[in-house]
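Residue numbers (our numbering): 38 to 274. The beta carbon of each residue, even a glycine, is placed where N, CA and C say it ideally should be. Please read these numbers as outputs of a predicted model, since none were measured by experiment.
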Ligand code: SF4
Ligand code: FES
């Protein structure tokens, strides 16, 4: 275990855990946006910034990736921290002015858009945090989406922004997206995501449409479980 102080509270945290985890386990709230417990943190949004002190030196770090250290002193609400978060939010509001989540966090922190940051109208609600790409690569294992273009033109989606051959329609990307950027729609017996239409399969017991056929075929191919055995929904198994 490691001894540290967060907001004047002496705490112990497991070696290898992050400042964010240590704070949350001790009831200390730090705002987050791109952090997802099941995925590797990439420190993309920086809303979770905190100030650390080591000896006489202080610096701002990203709490969802910075690991606890013996003797570390952490301040989650210093003026410097609040200023960094304010700037981060102003930049995020300019990058994706349509994002309700960003607006809500900004409102709660009394942060307002700054005219000096030019509004980006191309990215919808996307904050380019990469969670969708990560879950598709690391958890689902199909790598159907990624980033295209560079700099200010960078966007997330399937290659060439065309329906991806690799996509199985599982919707994991939409599930982990912190801003609701990824539209997934169920229409009749179809699911539509990233402009690709997937035929949904009905549970052979209750008749509810529960998964895209492509997803079940992919699971069958990668696990060896016969397709027919996968056509019963979780509730009816
Ligand atoms: S679509 Fe969502 S999860 Fe993917 S990069 Fe954008 S904000 Fe992050
Ligand atoms: S929540 Fe830590 S960088 Fe986004």
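| By Cβ distance below 7 Å, which residues in the same chain neighbour residue 172 in space, the five residues on each side in sequence not counted? | 76, 209, 210, 213
| message | Here's the rule: buried if 16 or more other CB atoms are within 10 angstroms of the residue's CB, otherwise exposed. What is residue 206? | response | It counts as buried.
| request: Taking 8 Å as the cut-off, decide whether the C-beta atoms of residue 139 and residue 129 are in contact. | output: yes
| query | Which residue comes first and which comes last in the alpha helix (DSSP H) that contains residue 132? | reply | 116-132
| said: For residue 46, which residues in the same chain have their Cβ closer than 8 Å to its Cβ, ignoring the five residues on either side in sequence? | reply: 63, 65
| task | Let me know the secondary structure DSSP gives residue 241 once reduced to three states. | result | coil
| field | Residues proximal to the ligand SF4 by C-beta, any heavy atom closer than 7 Å | value | Here the residues come out as 71, 162, 163, 164, 165, 166, 167, 168, 169, 170, 193, 210, 213, 214, 215, 216, 218, 219.
| request: Evaluate the contact criterion for the segment 79-97 versus the segment 108-123: three or more CB pairs, one atom per stretch, below 8 Å. | output: Yes, the segment 79-97 is in contact with the segment 108-123.
| task | Out of 167, 60, 148, 105, point me to the one whose CA is closest to residue 73's CA. | result | 167
| query | According to the Cβ coordinates, are residue 56 and residue 70 closer than 8 Å? | reply | no
| request: Mark residue 215 as exposed unless 16 or more other C-beta atoms lie within 10 angstroms of its C-beta, in which case mark it buried. | output: Residue 215 is buried by the Cβ-count criterion.
| As assigned by DSSP and simplified to three states, the class of residue 267 | helix
| Considering only residues of the segment 175-227, which uninterrupted alpha helix (DSSP H) runs meet the minimum length of 4 residues and lie entirely inside it, listed in chain order? | 209-213
| task | Under 6 Å Cβ to Cβ from residue 240, same chain only, skipping five residues before and after it: list those, please. | result | 247, 269, 270, 273
| Spatial neighbours of residue 43 in its chain, beta-carbon cut-off 6 Å, leaving aside the 5 residues before and after | Closer than 6 Å at Cβ, skipping near neighbours: 60, 65, 111.
| query | Helix, strand or coil: how does DSSP classify residue 70 here? | reply | coil
| Neighbourhood of residue 257 by C-beta distance below 7 Å, restricted to the same chain and skipping five residues each side | Excluding sequence neighbours, residue 257 sits near 263, 264, 267.
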